[in-house]
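In what follows, a single structure is set out as structure tokens and then discussed.
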Amino acid sequence: MLNAVRGADLAQQIREEIENNQIQLPTLPEVALRVRDAVEKDNTDAESIARMVGNDAALSARLLQVANSPLYRGRVEIDSIQQSVTRLGLKMVRSLVVSLAMKQIFQATSDALDKQFRSVWDDSLQVAAISRVLANNVPTLENEQAMLGGLIHNIGALPILTKLDEQFGYDADPGLIVELIEDLAPEIGARILRHWNFAESLANIPTACQDMGFDPGPTPTYADIVLVARLQNLSAKGGPEAEANWSNVPAFAKLGMEPELLIVNMEGPAEQIAEVRSMLEG
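So the number in the numbering used here is just where the residue sits in the sequence shown, counting from 1, plus 17.
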């Protein structure tokens, strides 16, 4: 088993790599970058996005699947990429493209840490779904962008798991894996998102959503939403966080929520969360 000394050595090694900009950061596929950048331009239309997506069979099939899913389904089933883009909207397409790309890079290089990779990805999906539902009640924020924020909130775990997978495989101790992710993933995640040229309103999420005192001002931010969504997910899983007192966490007040309110168990929001989750899982 990976003992504490080896774990501490690895943590120090990763910190030094971060400080020296030597940490190996994952890359987004070119199509994901192109779609994301195009959507951020005001003059982009569904036809141009459809052309970008059309060369990727997996992505094309995914957009058609979601466009005909219960969450978006219209009276007529559609069978073209351009119609899918039109029905979903450019920002939803951007989120789905990034989601599919992330699902592909959240794969263990061996079977040893597959469970940990899947666990981190599962939490990311749930936090994304909760974030999207929470954002429905915040008119100043876009629910698709909030969903994307949830998806990438723990992206920093990826290089850590990859390094553990390469160096220790089945000898990696689960407890120390959790400790390393909690300690290092927020900073690495912020670096990854800035490396991917994400807007600062999303790039600060990996660190901000771990900070219970995060409060940049009275206006709700995407980080506020993801912070609350993360705590809701932890509470729903029944860990120590379920008994925590969040009355002094500014994000709840900014979203107009009672800290003890668990929307994942409420009729209505729970169904919405499940629908978004199902859409993201494919």
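Using N, Cα and C, we set each Cβ at its ideal position, and we do this for glycine too. Computed from a prediction, not measured in an experiment: that's the story for all the values here.
Beta carbon of residue i nearer than 7 angstroms to that of residue j
i	j	result
Ser-97	Ala-84	no
Ile-147	Ala-174	no
Arg-53	Arg-104	no
Ser-116	Leu-297	yes
Gly-167	Ala-189	no
Pro-237	Leu-279	no
Ile-194	Gln-124	no
Val-293	Arg-149	yes
Ala-225	Ala-240	yes
Val-70	His-170	no
Lys-108	Glu-161	yes
Extent of the continuous alpha helix (DSSP H) run through residue i
i	result
Leu-334	Since the displayed the chain opens at 18 and closes at 299, residue 334 lies outside it and no answer follows.
Gln-289	286-298
Gln-162	160-168
Pro-267	267-271
Reference residue i; option with closest CA among the options
i	options	result
Asp-26	Phe-185, Asn-60, Ser-65	Phe-185
Asp-128	Glu-94, Met-119, Leu-178, Leu-244	Leu-178
Leu-45	Gly-71, Leu-113, Ala-78, Leu-107	Leu-113
Ile-66	Leu-76, Asp-73, Ala-55	Ala-55
Lys-120	Met-274, Asn-262, Val-137	Val-137
Met-283	Leu-151, Glu-196, Glu-204, Pro-267	Leu-151
Gln-99	Val-93, Thr-126, Glu-64, Ser-86	Glu-64
Gln-289	Met-229, Met-164, Gly-234	Met-164
Pro-233	Val-266, Asn-38, Asn-262	Val-266
Pro-176	Tyr-187, Asn-153, Thr-157, Ala-207	Ala-207
Leu-130	Tyr-89, Ala-74, Gly-192, Ile-169	Gly-192
Trp-213	Ala-118, Lys-180, Trp-263, Glu-159	Ala-118
Phe-269	Ala-74, Lys-180, Gln-29, Leu-248	Leu-248
Gly-230	Ala-287, Val-245, Gly-255, Leu-181	Val-245
Quiz item: In chain order, which beta strand (DSSP E) runs of at least 3 residues are fully inside the stretch 114-153?
Solution: List check, beta strand (DSSP E) in window: nothing returned.
Practice problem: Let me know the alpha helix (DSSP H) ranges lying completely inside the stretch 44-95, each 4 residues or longer, listed in chain order. | Solution: Taken in chain order, the whole alpha helix (DSSP H) runs of length 4 or more contained in the stretch 44-95 are 47-56, 63-71, 74-84.
Exercise. Tell me the start and end of each unbroken alpha helix (DSSP H) in the stretch 175-240 that is at least 4 residues and wholly inside, in chain order.
Key: Taking only runs of at least 4 residues, the alpha helix (DSSP H) segments lying wholly in the stretch 175-240 are 191-212, 217-220, 222-225.
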